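In our numbering, the protein residues as written are 9 to 480.
For reference, the structure discussed in these notes is given below.
Now the structure itself:
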C-alpha cells in the first residue's frame, strides 16, 4: 500500500532471426538488468531466445538495456499512477540506494547518484511546475512531461575476462608515442587516451601524445575490443600502469644525468623539475636525446605492461522529456529533452556531450519512428531503404541538452566509467511516459508511431467525433 516493491517478475524474449549471433547474451543482459535499478527482496526473471525466418540480429548500442529500460520504467510509471504518486517521487522511494551491492557482480553504488541526477534533470526542465500546469490540459492538444532512469555496468567483468595492454615510448622531441588495443571507432577514444597519458606522465598537453596504429593487431598490444562501453575505463588501467613505468624510467635516467635523488624530481609540463624549488633541470626532449646518444649508457626509454581488471562500475542517469500530443491527428511533438549522467569524472567534456547527443538521437529514432518491417511469410525486409525506414531528422529533434554529475568512480584509475551506450537507454521510455502523462494512455510498444497512437487512443475513447470534424 505504501508503494514498497515486494516482488517483481520479468520475462524477456529475443527474436534473433535464423542464427544465434549475440541473441542469447543480449536477452540475458536485458533480463539481468531488472533486479538492480529498482531492487526488491523477491525477483523472478526468465530470458528466452526465439529462432525465426528473419535476418540474424546482432549487437547494437545498449546491448539489451534500451529494451529493458523501456519495460522497466514504463512499469514504474504505471505503479506510480496506481498509487496516486508523482512518478519522480515514487522513483525516489524505490530506486537503487547509495551503498547498494549487486549480489552477482559485487558492484557497489558509492554515491546517491540517481537522486542527484533526477534532481538536476527536474530542475533543468522545470518538472514540478510543468506537471501541475499540464494536468489542466483537456483539449485535443495536450502537453506532458515524463522521465525514465537508467543504470549501465562498465565492461563485462565478472562474466568474462577484462584485460588491457599498453605500450609507450619517449620520443626525441619530448613527445610520447602510445599504443593500445582498445580501438577508436569514432567515439573520440584516442583523444581521451592522449589526455590520460599526458596526465600520468606529466606532459604539457595531450597534443604531445601520438596514439598510433591502434587498429593494427600486427604491431599493437592486445585489446579485447570496442564494446560494453569499456574503452576509457578498461584502457585507463593499463595507461596508468604503463605511464607510471615510463615516468619511473625517465626519472631514473634523469637521476643518472643530474645526480639529483629521484624523490626530489618530478615531471611537469614536459620538463624534469626539482621538487623543492620548481627549478627546471632539463626538458624531456633534452633527456631523450641524451639517453639515446649517450656513448656510455644509451637507452631508448620505453615501457609496456598488461593489466587484468577485476572491477566493474555502474553508470547512472535519467532522461526527462516534454511532449505535445495532438490527439485527433495522432502526432507527438517532442518539445524538450534532457539527459543527466553520472559517468564519473569527465576526461573530455565536449566529447562526452557529443556521446550523449548521439544516444539521445538514437532513442528519439527508435522511440518514435524507426521500425524494420518484414514479410511474415518470407522474412524479407520490406523497408530496407532510407525512404521507407523512417530515421529521425533534425526536424524531429528539439535542442538536445546534456548535463553531468561528476562523482569520481573509486575503482577507476581516472575516475571514469561508461558513457558510450547509456545515453541511448532512457530516452524512449521518457518520451513514452510523457505521452502517458499527457493523455493517460499507457503505450507499451515502440516505435510510438501515429498508427500505434490511433489504435491506443481509439481504444481509450480519446478520438472524438467533434475533434475530427474540427480538424476537417
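Even glycine gets a Cβ: it sits at the ideal position worked out from N, Cα and C.
Everything numeric in this text was worked out from a predicted model, so none of it was measured.
Residue i versus residue j: straight-line alpha-carbon distance, rounded
{"i": "residue 106", "j": "residue 90", "result": "27 Å"}
{"i": "residue 379", "j": "residue 86", "result": "25 Å"}
{"i": "residue 223", "j": "residue 232", "result": "12 Å"}
{"i": "residue 461", "j": "residue 42", "result": "27 Å"}
{"i": "residue 125", "j": "residue 435", "result": "14 Å"}
{"i": "residue 342", "j": "residue 322", "result": "29 Å"}
{"i": "residue 455", "j": "residue 409", "result": "22 Å"}
{"i": "residue 144", "j": "residue 77", "result": "29 Å"}
{"i": "residue 383", "j": "residue 64", "result": "15 Å"}
{"i": "residue 371", "j": "residue 415", "result": "25 Å"}
{"i": "residue 266", "j": "residue 304", "result": "15 Å"}
{"i": "residue 326", "j": "residue 15", "result": "24 Å"}
{"i": "residue 458", "j": "residue 377", "result": "9 Å"}
{"i": "residue 362", "j": "residue 196", "result": "9 Å"}
{"i": "residue 27", "j": "residue 57", "result": "10 Å"}
{"i": "residue 245", "j": "residue 237", "result": "15 Å"}
{"i": "residue 358", "j": "residue 216", "result": "20 Å"}
{"i": "residue 19", "j": "residue 374", "result": "21 Å"}
{"i": "residue 139", "j": "residue 404", "result": "23 Å"}
{"i": "residue 200", "j": "residue 173", "result": "16 Å"}
{"i": "residue 181", "j": "residue 234", "result": "31 Å"}
{"i": "residue 170", "j": "residue 467", "result": "50 Å"}
First and last residue of the uninterrupted beta strand (DSSP E) at residue i
{"i": "residue 339", "result": "339-350"}
{"i": "residue 435", "result": "Note, residue 435: premise wrong, no beta strand (DSSP E); alpha helix (DSSP H) at 435-447."}
{"i": "residue 186", "result": "184-188"}
{"i": "residue 280", "result": "279-282"}
{"i": "residue 412", "result": "408-412"}
{"i": "residue 193", "result": "Taken as a continuous stretch (DSSP letters only), residue 193 belongs to no beta strand (DSSP E), as it is neither H nor E."}
{"i": "residue 139", "result": "No beta strand (DSSP E) holds residue 139; the alpha helix (DSSP H) holding it covers 135-142."}
Whole-angstrom C-beta distance between residue j and residue i, which should lie under 8 Å
{"i": "residue 69", "j": "residue 25", "result": "Not a contact, Cβ separation roughly 19 Å."}
{"i": "residue 554", "j": "residue 278", "result": "Nothing in the structure corresponds to residue 554, since the chain is present only between 9 and 480."}
{"i": "residue 257", "j": "residue 309", "result": "5 Å"}
{"i": "residue 407", "j": "residue 133", "result": "So it is not a contact: roughly 12 Å between Cβ atoms."}
{"i": "residue 129", "j": "residue 346", "result": "6 Å"}
{"i": "residue 271", "j": "residue 282", "result": "The Cβ separation is near 11 Å, so there is no contact."}
{"i": "residue 165", "j": "residue 318", "result": "6 Å"}
{"i": "residue 157", "j": "residue 122", "result": "6 Å"}
{"i": "residue 320", "j": "residue 113", "result": "5 Å"}
{"i": "residue 47", "j": "residue 104", "result": "6 Å"}
{"i": "residue 447", "j": "residue 150", "result": "6 Å"}
{"i": "residue 249", "j": "residue 355", "result": "Not quite, the Cβ-Cβ distance comes to about 17 Å (not below 8 Å), so this is no contact."}
{"i": "residue 251", "j": "residue 314", "result": "No, residue 251 and residue 314 are not in contact; Cβ-Cβ is about 14 Å, not under 8 Å."}
{"i": "residue 96", "j": "residue 135", "result": "7 Å"}
{"i": "residue 550", "j": "residue 11", "result": "No answer is possible for residue 550: it lies beyond the span of the chain, which begins at 9 and ends at 480."}
Residue range of the alpha helix (DSSP H) that includes residue i
{"i": "residue 461", "result": "458-467"}
{"i": "residue 178", "result": "Taken as a continuous stretch (DSSP letters only), residue 178 belongs to no alpha helix (DSSP H), being part of the beta strand (DSSP E) at 171-178."}
{"i": "residue 73", "result": "73-91"}
{"i": "residue 197", "result": "197-209"}
{"i": "residue 218", "result": "Premise fails: residue 218 lies in the beta strand (DSSP E), 217-219, not in any alpha helix (DSSP H)."}
{"i": "residue 361", "result": "357-376"}
{"i": "residue 37", "result": "31-40"}
{"i": "residue 106", "result": "Element bounds for residue 106: n/a, residue is neither H nor E."}
Residue environment, residue i, which counts as buried when at least 16 other CB atoms sit within 10 Å
{"i": "residue 349", "result": "buried"}
{"i": "residue 239", "result": "buried"}
{"i": "residue 213", "result": "exposed"}
{"i": "residue 59", "result": "exposed"}
{"i": "residue 188", "result": "buried"}
{"i": "residue 464", "result": "buried"}
{"i": "residue 480", "result": "Note on residue 480: pLDDT 49, under 50, position unreliable in the model; the coordinate value appears next. It counts as exposed."}
{"i": "residue 155", "result": "buried"}
{"i": "residue 427", "result": "buried"}
{"i": "residue 302", "result": "exposed"}
{"i": "residue 99", "result": "buried"}
{"i": "residue 80", "result": "buried"}
{"i": "residue 227", "result": "exposed"}
{"i": "residue 37", "result": "buried"}
{"i": "residue 23", "result": "exposed"}
{"i": "residue 402", "result": "exposed"}
{"i": "residue 147", "result": "exposed"}
{"i": "residue 9", "result": "exposed"}
Per DSSP, cross-strand counterpart(s) of residue i
{"i": "residue 326", "result": "157 and 348"}
{"i": "residue 311", "result": "176"}
{"i": "residue 48", "result": "Residue 48 pairs with nothing; no bridge assigned."}
{"i": "residue 26", "result": "None; residue 26 has no bridge partner."}
{"i": "residue 238", "result": "None; residue 238 has no bridge partner."}
{"i": "residue 288", "result": "281"}
{"i": "residue 275", "result": "280"}
{"i": "residue 450", "result": "BP columns for residue 450 are empty, so no partner."}
{"i": "residue 56", "result": "21"}
{"i": "residue 331", "result": "152 and 342"}
{"i": "residue 389", "result": "382"}
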